[in-house]
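Protein sequences appear in the order of chains A, B and C. The number in this note's numbering is simply the position in the first sequence, starting from 1, with 4 added. Heads up: the second sequence at position 1 corresponds to -5 in this note's numbering, and the numbers run straight through without jumps. The number in this note's numbering is simply the position in the third sequence, starting from 1, with 9 added. Note sheet for the following structure.
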Amino acid sequence: MKKIIWLGAALGALASTITVGAQTVPEIWHYYAAGSEKAGIDALIAYTNKQNPDAQVAGRVIPGNAVELRRQLQTAFMGGQPPAIYQSSMASELKTFVDGGRLHPLTDVWKEIRGDQIFPEGVQRVVKINGVPYGVPYDLSLINNVFYNKATFEKLGITPPADWDSLKAACKTLRDAGIQPLANAGGPFWSLYNFYAPLVSTVGVDGYYKIASGELAFDSPEFRKALALYRDTMVSCYAQNWSGKTWTQAADDVVNGNSGMFMMGIWAAAYMKQAGFEPGKGFDVFPAPGTDGKAIFQMDVFAAPEGPAETVKVAGKFIEAAVSPEGQAAFAVPKGSLAPNIEVDPKIYDYAGAKFAQQLAAASKANAVLPNLFFLLPTKVGTELGTQIEKFAIDPSEANESDLIATLEALRQEALAENAYTKW
Amino acid sequence: MKQLVPRRSVLSSTTRAHIAFLILPVALFAVFYVYPILSTAYLSLHSWDGVAPTMRYVGLQNYFVLVRQPRFLHAVMNNMSWLAFMLLGPTGVGLLLAALLDRGLRAEKIYRMIFFLPFTIPAVAVAAIWRWVYEPTNGLLTATLQAVGLGGWAQNWLGDPALVTYALMGAVLWWTTGFAFLVFFAGLRNIPVEFIEAARIEGASPWQIFWKVSFPLLWPSTIIVLGMAAIDAMRLFDVIWATTNGGPAYASEVLATQMYDVAFGRFEMGKASAISVFLLIIAGVVIMPYIAAMSRRVAESEAE
Amino acid sequence: MTSLSRNRPAAGIVVFIFAALFVAPLVLAFLTSIKSPAEITRVLALPSGIYIENYRIAFERMGRSFLNSIAITGPAVVLSIAVGAIAAYPLAFMRGRGGRLTYFVLLTGMLVPFQIVQIPLFLMIRAIGLFDTIPGLWLVHTAYAVPFCTFFMRNFFASVPRSMYEAARIEGCSVSGYFWRILLPASVSGLSALAIIQSRAIWNDLLFAMTLTSSDSARPATVAIAGFASSLQVEYGPLMAATLISTLPVMLAYLLFQKAFVRGLLGGAGK
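Take a look at the structure:
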């Protein structure tokens, strides 16, 4: 009995010390939980809070990835307690929430920041739904670069390959020297991102957008040709057992000289730099064959849920400060991503970042800035495409190829029937 | 034994006391389980992206679509493999270790800590640790095999669709054996010492004592461990989600991870709810009869 | 007990091998926790020194949430075991259909994947004003532990001979008197085992914490730990440091409660 009384007293004491958490400061939900990503968002919020003394915001980390964030958002929307702003993917994901009537149109903010001038055309089209901007871009990463170990390339006399044949030759030289040619990692994204290069080489920019809008079939000769090119080039170069590695383990292989090349988003530059492998010294990059002069990008945007006028106003002020050149510099430099705002001074970047910024600017001029296909497709088609490409890359057998084509084509028909495709 | 207490009304005072004990737990259950389960069943009859304010009634369509999907059936089969594994693996190893340690070994306390420690590690860290163990070219397992001259046995542990589930089982064995170990150990220590002494005086060997005396008396612990193993096998989520996300290409998917991916990765809440309902039904059909049978056995052994 | 271990060498070898297998990944985790980011790129290489920065980051990032975890776990463990034991007692001794049916209905709760209850749960907890509070988590952890704790204690109570119950009742012991004075003391191994299991389960919960807390005043350490593994980047050093720190309280609970794993004495508890 004594114990129970003691426990009761302890419970009471604990309960009394607990303050009821009141949510007073508008929140920004994001999943930049760790490393340079966290450093970036922390710096950004610090900057905007300094700029907007009367519109303070607080960041809230949702550990995990976009999927966990969506779960959290769904709960919050159901309960009528969404954040002021959240980190959203572009295109389809944005559209789902717009169609659900959850998001506040950012037309005024867009006008204020001169969105139509500061963002490349390819960037603009994935944040507007029926011409209305619902997301403001702030975090852009190119996904069409190949990283390579400089020392290895120099030792073997390899120059960065510019076309598919020289890529295959480079792979052969590396393999003969006992080095795994091209690192890759398991998961539904990485093989798919690699596949974009052969895809664009085969179907061109127009074809790329036609796949995104559902006009080009997965059983078309063009798509089959792209698959064959992917199989004969990159897949044949992949490191042994690549599918059992995470992308950081694959990057470690490049750092340690076990692999020669690695096609990955530009966040890999920040990772390698942090591991003491300097851009321009330890590693360098080249655009994947078929993507020179183009920029394929992955991007996150800020979206503002419908809410009390006061909160929406704070969200607007936050976004305005966040996409200003200063706000963009505060975020992009520590994070190792690019500012989608092309008015940002390229001098803020390090060696690798400057190179990526140059690629983006050139592609923007040539009107060849391509959004990540994954997010242009209806969500279920994009996700399935990623999974099927990974499966094909693990085992590019004819059975898997026809399975891939049949599955995706059936899904395309289904999505067409449901009117799920969008012309971005 | 009701007749010992005089019946006053329809319910004896004993029964009333028993019911009084049950009020709070049953109330908690009703509030926190029944409503969510019903709302899931309701959702499963609809097409809903989880975001839109309205949903469309589609009847049993989600269920029909699922049973024809190879992806769904594959996940069901994986759950069945996990069921077999969980019943045998962690349970067997846990019992073995508990029985061996119960005899008293030198450094017993340290062993007890070692076997339990992995069980206390959060899933996200288990995933990170086993990602290094299973790194295919220079991870701990591959390097160890190479060091002892068995480099040829090294595999693409987490990257080979045919192998990934078995690899994950290794991680789960490490992670959850502590549970079985703990329950069996507590169960062994709960066995009245007189029983063992009596058998020992009669000249039984430790082996005989274990199988003839201890193990039958361990029955309640065994039910707990097997029951939980079966349930964990059906509900399995964290480690798989954190280690492979169900990949490569769905190979390691189980129903709970597939439900999560369909719900929040693809915005198909209705279909995801149907997966949950299937999970409940399958688990109910596979596990509940077993638990019922086991409990009856406990009741019978008590009656003796 | 030494007299029982006639074939000790064989047993010792088997236990030692298993211990080695169990320890190896832990050693890997520990070494990683003291490696610098550059060293982490080589999995098996030994660290050149102790990179204490990882522990600093781990402490800084967990901060107050570690205290929250303690404030959540302690009472929630006690409450969940109490409710489980209260439910298990009548279910272990009731005869007839009603008891068995209640037991099975409660057990079905164990089959529910917790991911599906989150939205209704969020709405309920907010409605009663316990959103983002530590008592809210006590309630939820207690409620969702009902099936498991009942199952566990029901089976442990079964190992206490039924003859004791009947003897006590004949001697005039009341239903609740038997529970408090005889049954609970006789089940101390089971209660302790359950306390350990519940400590671990509640301490490591991430899902309920994510749904039901939003501010630093209530979020537990698991949220901070999961945060080291972001979508793109994983800070392995601090992650392992934080993991090792966070296992300490559960290990402490383990060491504390396992002292109660003493040999049961037949009928001894009742006298």
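Yeah, the Cβ is synthetic: ideal placement off N, Cα and C, and Gly gets one too. Only a predicted model underlies this, so the values are computations on that prediction, with no experimental measurement involved.
Using a Cβ-Cβ distance under 8 Å, would residue i count as near chain C?
i	result
ASN184 (chain B)	yes
GLY25 (chain A)	Low per-residue confidence applies at GLY25 (chain A): pLDDT is 41, beneath 50, and the placement is therefore not dependable, though the value from the model is reported in the following sentence. It does; some Cβ of chain C falls within 8 Å.
TYR105 (chain B)	yes
SER40 (chain A)	yes
VAL61 (chain A)	no
THR34 (chain B)	yes
MET253 (chain B)	yes
GLY68 (chain A)	yes
TYR197 (chain A)	no
Anything in chain A within Cβ reach of residue i, meaning under 8 Å, just list it in chain order.
i	result
ARG51 (chain C)	ASP256 and ASN260
ILE22 (chain C)	Those within 8 Å of ILE22 (chain C) in chain A number zero; the least Cβ separation is about 33 Å.
PHE258 (chain B)	VAL71, GLU72, ARG74, ARG75 and GLN78
GLU244 (chain C)	ALA38 and GLY39
What does residue i touch in chain C if you count any residue whose Cβ is under 7 Å from its own?
i	result
ARG74 (chain A)	Ordered by position in chain C, no residue passes the 7 Å Cβ test against ARG74 (chain A), which lies about 12 Å from the chain.
GLN278 (chain A)	PRO46
TRP271 (chain A)	LEU241
GLY83 (chain A)	PHE131, LEU132 and ARG135
Between residue i and chain A, is there a C-beta pair that is closer than 8 Å?
i	result
SER223 (chain C)	yes
PHE27 (chain C)	no
ALA238 (chain C)	yes
THR131 (chain B)	yes
ARG50 (chain B)	no
GLN207 (chain C)	no
LEU262 (chain B)	Leu is not the amino acid found at residue 262 (chain B); the sequence shown has Glu there. Yes, GLU262 (chain B) counts as interfacial toward chain A.
ARG125 (chain B)	yes
TYR284 (chain B)	no
Determine the closest residue to residue i out of the options, with distance taken between C-alpha atoms.
i	options	result
ARG179 (chain A)	A:VAL102, A:GLU97, A:MET265 and A:VAL204	A:MET265
LEU241 (chain C)	A:MET238, A:ALA243 and A:THR250	A:THR250
LEU221 (chain C)	C:ARG190, C:MET133, C:ALA177 and C:PHE160	C:MET133
PRO375 (chain A)	A:ALA47, A:GLN128, A:ILE66 and A:ARG118	A:GLN128
THR295 (chain A)	A:ALA166, A:THR79, A:LEU144 and A:ALA50	A:ALA166
THR177 (chain A)	A:LYS159, A:LYS115 and A:PHE193	A:LYS159
ALA272 (chain A)	A:THR391, A:VAL71, A:GLN60 and A:LYS339	A:LYS339
ARG229 (chain B)	C:GLN127, C:ALA227, C:PRO129 and C:VAL121	C:VAL121
SER267 (chain B)	B:ALA24, B:ILE17, B:SER41 and B:ILE195	B:SER41
TYR152 (chain A)	A:VAL130, A:ILE183, A:GLU125 and A:PHE123	A:ILE183
How would you list, in chain order, the residues of chain B whose beta-carbon sits under 8 Å from the beta-carbon of residue i?
i	result
THR82 (chain C)	Per Cβ cutoff of 8 Å: no residues; THR82 (chain C) is ~12 Å from chain B at best.
ILE90 (chain C)	Neighbours of ILE90 (chain C) on chain B: none; closest Cβ ~12 Å, over 8 Å.
ASN134 (chain A)	Here the premise fails: no neighbours, minimum Cβ distance about 16 Å.
Run through chain B and tell me which residues come within less than 9 Å of residue i, C-beta to C-beta.
i	result
MET219 (chain C)	Near MET219 (chain C) there are no residues of chain B at all, since even the closest Cβ is about 12 Å away, more than 9 Å.
GLY191 (chain A)	THR238, ASN239, GLY241 and PRO242
GLU430 (chain A)	Because chain A in this structure spans residues 5 to 428, residue 430 (chain A) falls outside the shown range and cannot be described.
Mind listing the chain B neighbours of residue i? Cutoff is C-beta to C-beta under 7 Å, in chain order.
i	result
GLY63 (chain C)	This sequence places Asn at residue 63 (chain C); Gly is not what is there. Under the 7 Å cutoff, chain B gives no residues; its nearest Cβ is about 13 Å from ASN63 (chain C).
ALA235 (chain C)	VAL118
ASN245 (chain A)	PRO130, THR131, ASN150 and GLY153
Would you kindly check if the distance between the Cβ of residue j and the Cβ of residue i is under 8 Å?
i	j	result
PRO156 (chain C)	GLY107 (chain C)	no
VAL373 (chain A)	ALA292 (chain A)	no
SER145 (chain A)	SER341 (chain A)	yes
THR100 (chain A)	VAL45 (chain B)	yes
Mind listing the chain C neighbours of residue i? Cutoff is C-beta to C-beta under 8 Å, in chain order.
i	result
TYR35 (chain A)	SER239 and SER240
Chain A partners of residue i, CB-CB under 7 Å?
i	result
TRP151 (chain B)	GLY248
VAL232 (chain C)	PRO67
Would you mind telling me which residues of chain A sit closer than 9 Å to residue i, beta carbon to beta carbon, in chain order?
i	result
ASP43 (chain B)	THR100, ASP103, GLY104 and THR383
Can you check whether the C-beta of residue i is within less than 8 Å of a C-beta belonging to chain B?
i	result
GLN332 (chain A)	no
Roughly how far, in whole angstroms, is the beta-carbon of residue i from the beta-carbon of residue j, given that I think they are within contact range, below 8 Å?
i	j	result
LYS265 (chain B)	VAL256 (chain B)	5 Å
PRO141 (chain A)	TRP114 (chain A)	So it is not a contact: roughly 11 Å between Cβ atoms.
PRO242 (chain B)	PRO155 (chain B)	6 Å
GLY133 (chain B)	VAL127 (chain B)	6 Å
PHE301 (chain A)	ALA95 (chain A)	Going by Cβ atoms, the distance from PHE301 (chain A) to ALA95 (chain A) rounds to 12 Å, so no, they are not a contact pair.
At a threshold of 7 Å, does residue i count as lining the ligand HEM (C-beta to nearest heavy atom)?
i	result
PRO155 (chain B)	This structure lacks the ligand HEM; in fact it carries no ligand of any kind.
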